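A.B. asks: Numbering (this note's numbering), first residue to last: 3 to 504.
#1: Given this structure, state the Cα-to-Cα distance separating residue 186 from residue 54, to the nearest angstrom.
#2: Which one of 86, 69, 75 has the shortest CA to CA distance from residue 33?
#3: For the beta strand (DSSP E) holding residue 163, just list the boundary residues, first then last.
#4: Please state the DSSP three-state secondary structure of residue 293.
#5: Anyone know if the C-beta pair for residue 416 and residue 48 falls short of 8 Å?
#6: Looking only at C-alpha atoms, which of 358, 195, 383 sits nearest to residue 158?
#7: The beta strand (DSSP E) with residue 493 in it runs from where to where?
#8: What do you reckon, are the CB atoms on residue 383 and residue 369 nearer than 8 Å?
#9: Tell me whether residue 371 counts as near the ligand FMN, meaning its Cβ is closer than 7 Å to at least one heavy atom of that ligand.
#10: What are the boundary residues of the alpha helix (DSSP H) that residue 208 is part of?
#11: With contact counted as at least three CB pairs below 8 Å, one residue from each stretch, are the stretch 476–488 and the stretch 435–443 in contact?
#12: Residue 326 and residue 339: beta carbons closer than 8 Å?
#13: With distance defined between alpha-carbon atoms, name the residue in 492, 448, 135, 466 nearest to residue 458.
#14: Three or more C-beta pairs under 8 Å: does that hold for the stretch 58–73 against the stretch 108–120?
#15: Please report how far the alpha carbon of residue 359 lies from the alpha carbon of residue 225, in whole angstroms.
#16: So who's on the other strand from residue 61, going by DSSP bridges?
#17: Output needed for residue 329: all residues of its chain with C-beta closer than 7 Å, excluding positions within five of it in sequence on either side, in chain order.
#18: Go ahead and label residue 142 buried or exposed: buried means 16 or more other beta carbons lie within 10 angstroms of its beta carbon, across all protein chains shown.
#19: Would you kindly work out how many angstroms separate the C-alpha atoms of residue 99 and residue 443, rounded to a whole number?
#20: Smallest Cα separation from residue 160: which of 209, 113, 188, 133?
#21: Locate the beta strand (DSSP E) running through residue 481, then write down its first and last residues.
#22: Report yes if the C-beta distance between residue 137 and residue 324 is below 8 Å; otherwise report no.
#23: Tell me, to the nearest whole angstrom, how far the beta carbon of residue 213 is from that of residue 174; I am working on the premise that it is less than 8 Å.
#24: Count the other CB atoms within 10 Å of the CB of residue 334; is the residue buried (16 or more) or exposed (fewer)?
#25: Just to confirm, is the Cβ distance from residue 59 to residue 219 under 8 Å?
#26: Whose C-beta lies closer than 8 Å to the C-beta of residue 1 among residues of the same chain, with five residues either side of it excluded?
#27: Scan the stretch 78–131 and note each continuous alpha helix (DSSP H) run of 4 residues or more that stays entirely inside, going in chain order.
#28: Just confirm the distance between the C-beta atoms of residue 425 and residue 449, as a whole number of angstroms; I'd bet it's less than 8 Å.
#29: Spatial neighbours of residue 205 within its chain, please: C-beta separation below 7 Å, excluding the five flanking residues on both sides.
#30: Alpha carbons only, please: which of 24, 454, 452, 101 is nearest the one belonging to residue 147?
#31: Using only CA atoms, which one of 241, 400, 367, 420 lies nearest to residue 388?
#32: Looking at the secondary structure, which residues open and close the beta strand (DSSP E) in which residue 284 lies?
#33: Under three-state DSSP, which class holds residue 3?
#34: May I have the straight-line CA-CA distance separating residue 233 from residue 475, to the nearest angstrom?
#35: Taking buried to mean at least 16 other C-beta atoms within 10 Å of its own C-beta, is residue 431 buried or exposed?
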């Protein structure tokens, strides 16, 4: 008698339950890690919250929705990062559950579980998912947009138009790459017979109207800010370097999906000694249109995003690695066939668990052991709350007023803007990026100027001294790292710009 493990039986009998369990466990892992190890927000999350605090309709960082939601979550949690971390994990949970609905409609519930398990190994859904912002919020909206697009094109369900328009409008309010993603959807619809038939009605016109209404405030801001122009095209002499950059970005997307590739190789039939004893996961036959849909959206976003970023010399894939690789697991399952043999099940289970846990272990190792190597500071080990409290209290004691604004070193200033009563952030090196505050207004209302001190006297850097003539530095204040290791204390130079009397 052939023995089948409990995991396989659960996938066969309760696929939805398996998806909920693994998705919630991963979310709990990445909710626990930052709460235990992070003393300051990762990446540019502090800047996201500083922008969200202003409730601007648009900024140079893109559409406003993610910044607004980040501020709402932060305030709802009592000005604690728990709210933002929870919001990031809710985005991840929604993304995977929506992807499961799409996969189930194409390959059935059992193989849809396998698609989710594969997609979860993509690195973008681990620690980078904590850095809530436009790229993280775009993932659930893109997943919802794909689900409702398939219901319109593949299942001919015309009642999905309203939900599709809401998804598209919210995506436009979230990511600057939304226009490109919508163009990919339009291209697929026009390239297929059923897609063209779906467009031959009045419903798309009403959907466009809903999208325009949702995105109208941001569109008005774009026109007023004269931000509708395309970035500058590269010179012909630079095309070779830009092409190489695009290839490297595409390689980064493929590297992020290395866990999927490893699991596929380990499950290869060429390495199996007893193929007749392997458990099998069945599915109904997949329609040709469904294959085209899955393959197109597994390849096109990554390829287009890499090409655009390479052409305009952007630092990362335009739509984000999470969006670019969202359909990768489902594409592998569709390509595998109607019968998926799970060979060496224990090894596959162990490798999958390692791929999920390894990024968390890497964060732990970097936080606890990297400071002892002396190779550099861990940004999330900065004592954000202590820094904000010190400078907020110092300004209040000197002026008998709450700290209104902070500027200087961008990273330190953004951290201080999280506490001390949420002061305004001024990027003094590029004040046009923070239009809610100017240098003249900062000098009028007062605030704190901070920098990383290079000596015990706290001499300000030359560029800061030039922008703030007459600045009188205070004695630098030292802060301890989360793990001291071989690093010296963090010394922050600072000076107070006293508010001018009206």
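Even glycine gets a Cβ: it sits at the ideal position worked out from N, Cα and C.
Quick caveat, the model's predicted, so the values are computed rather than measured.
C.D. replies: Inspection of the coordinates gives the following:
#1: Using only the alpha carbons, I get a separation of about 30 Å.
#2: Answer by Cα proximity: 86.
#3: From DSSP, residue 163 is part of no beta strand (DSSP E) but of the alpha helix (DSSP H) over 163–174.
#4: Residue state, collapsed to three classes: helix.
#5: One thing to note: residue 416 has its Cβ within 8 Å of the Cβ of residue 48.
#6: Comparing alpha carbon positions, the residue from 358, 195, 383 closest to residue 158 is 195.
#7: It spans 492–499 - the beta strand (DSSP E) in which residue 493 sits, taken as one unbroken run.
#8: At the C-beta level, residue 383 and residue 369 come within 8 Å of one another.
#9: Although the ligand FMN was asked about, the structure shown includes no ligands whatsoever.
#10: Per DSSP, residue 208 belongs to the alpha helix (DSSP H) from 205–226.
#11: Not touching, per the Cβ criterion.
#12: Between residue 326 and residue 339, the gap from beta carbon to beta carbon reaches 8 Å or more.
#13: Here the closest residue by C-alpha is 492.
#14: With a cut-off of 8 Å, the stretch 108–120 and the stretch 58–73 do not count as touching, because too few Cβ pairs lie within range.
#15: The straight-line gap from Cα to Cα measures roughly 46 Å.
#16: Answer is 64.
#17: Excluding sequence positions up to five before and after residue 329, its CB lies within less than 7 Å of the CB of 296, 299, 300, all in the same chain and listed in chain order.
#18: Residue burial is scored here from C-beta neighbours: residue 142 has at least 16 other C-beta atoms within 10 angstroms and is therefore classed as buried.
#19: Going from the Cα of residue 99 to the Cα of residue 443 covers about 47 Å.
#20: Nearest to residue 160 by alpha-carbon distance, out of 209, 113, 188, 133, is 209.
#21: Segment 479–481, the beta strand (DSSP E) holding residue 481.
#22: Taking 8 Å as the cut-off, the Cβ atoms of residue 137 and residue 324 count as close.
#23: About 7 Å; that satisfies the 8 Å criterion.
#24: Burial of residue 334 is indicated by the presence of at least 16 other C-beta atoms within 10 angstroms of its C-beta.
#25: Cβ distance < 8 Å, so residue 59 and residue 219 count as in contact.
#26: What the structure shows of the chain is the stretch from 3 to 504, and residue 1 is not part of that stretch, so it cannot be assessed.
#27: With a minimum length of 4 residues, the continuous alpha helix (DSSP H) runs that stay inside the stretch 78–131 are 84–109, 111–121.
#28: At roughly 7 Å, the Cβ-Cβ gap stays under 8 Å, so residue 425 and residue 449 are in contact.
#29: Hits under 7 Å: 160, 163.
#30: Out of 24, 454, 452, 101, 101 has the C-alpha closest to the C-alpha of residue 147.
#31: Comparing Cα-Cα distances from residue 388 to each of 241, 400, 367, 420, the minimum goes to 420.
#32: First-last of the beta strand (DSSP E) with residue 284: 282–284.
#33: Interpretation of residue 3 is limited by its pLDDT of 39, a score under 50 that renders its predicted location unreliable; the figure taken from the coordinates is listed afterwards. Three-state DSSP puts residue 3 in coil, outside helix and strand.
#34: In this structure, the CA atom of residue 233 is about 40 Å from the CA atom of residue 475.
#35: Residue 431 comes out exposed.
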